[in-house]
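Below is one structure, written out as structure tokens; the observations come after it.
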Amino acid sequence: MDNISSIPDDGIDEILSEIFLDDAITWEIGPDPINDEITVLALGCHGDLILLDIMEKDLNLPMDGQGWKIVAGIPPKSWEGYFEMIGSDGLVLQIEGWDWQWSIAELNKDKASITIFYPEEYKIGAADIENAGEIILFGSIGEVNTSRHISVDHYLPISEGVNHNSMSTLREEFSKWFPDAPFSQDFKNIK
């Protein structure tokens, strides 16, 4: 069903205007992680579960059309972990996410507490480290999964000679811990 056809054009404009006026809401457009024939407009909120729920209920998301969809939460990406971001000093930071590592601190039926380790050569502040870590997590397992099932206890530099799990392995482990979570059964098909 083409849900968007049931909304008048001025209604769509009003909804999008309200969404994008809110600084807590981010957005990105890209291919669906499972079917690259579909374009996805993802509305993110930095992992705020209350906002995710509001977007899903009030905006009736996900909304599917022919060749497109609008979703609440940034979906996992088909990527190699590399991205660029603007740091708090206004400079562009180049991040190799698969060089980052993680270890599990605690696992229960609903939540995994992890520590994220970043390469020591990153000479950036704590806020930029946390923002980069969020992007890596969202790109790996998606914003909804991160928000509902992952808590990050610490961000620490990688110590020389100490190896943890590469961030590239998190999808596989996550799907074992939370097999019923969104995308868990699809991670093997997302490169």
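Heads up, the sequence shown stops at 188 in my numbering, and the numbers go up one at a time, no gaps. Even for Gly, the Cβ is constructed at its ideal location relative to N, Cα and C.
Residue i versus residue j - alpha carbon distance
{"i": "GLU53", "j": "GLU157", "result": "44 Å"}
{"i": "TYR152", "j": "TYR79", "result": "19 Å"}
{"i": "ILE212", "j": "ILE71", "result": "Residue coverage of the chain in this structure runs from -2 to 188, which leaves residue 212 outside it and unanswerable."}
{"i": "MET82", "j": "ASP107", "result": "31 Å"}
{"i": "THR23", "j": "ASN186", "result": "26 Å"}
{"i": "ALA102", "j": "ILE138", "result": "18 Å"}
{"i": "SER163", "j": "GLY136", "result": "14 Å"}
{"i": "ILE47", "j": "VAL159", "result": "37 Å"}
Counted within 10 angstroms of its Cβ, other Cβ atoms place residue i as buried (16 or more) or exposed
{"i": "LEU88", "result": "exposed"}
{"i": "ILE92", "result": "buried"}
{"i": "ALA69", "result": "buried"}
{"i": "ASN142", "result": "buried"}
{"i": "ASP222", "result": "It is not possible to answer for residue 222, since the shown part of the chain is limited to -2 through 188."}
Identified DSSP bridge partners for residue i
{"i": "ALA39", "result": "GLU25, VAL68"}
{"i": "SER144", "result": "BP columns for SER144 are empty, so no partner."}
{"i": "GLY136", "result": "Its beta-bridge partners do not exist; DSSP assigns none."}
{"i": "PRO154", "result": "TYR115"}
{"i": "PHE80", "result": "ILE92"}
{"i": "SER110", "result": "GLU103, SER148"}
{"i": "GLY62", "result": "TRP65"}
Residue i, enclosing alpha helix (DSSP H) - first and last residue
{"i": "TRP174", "result": "167 to 174"}
Three-state class that DSSP yields for residue i in the structure shown
{"i": "ILE126", "result": "helix"}
{"i": "LEU90", "result": "strand"}
{"i": "ASN160", "result": "coil"}
{"i": "LEU56", "result": "coil"}
{"i": "ASP50", "result": "helix"}
{"i": "GLU34", "result": "coil"}
{"i": "PHE184", "result": "helix"}
Any non-hydrogen atom of the ligand GTP closer than 7 Å to residue i Cβ
{"i": "PRO179", "result": "For the structure depicted, the ligand GTP is absent and the ligand set is empty, with no information on it obtainable."}
Endpoints, the beta strand (DSSP E) within which residue i is located
{"i": "TRP99", "result": "98 to 104"}
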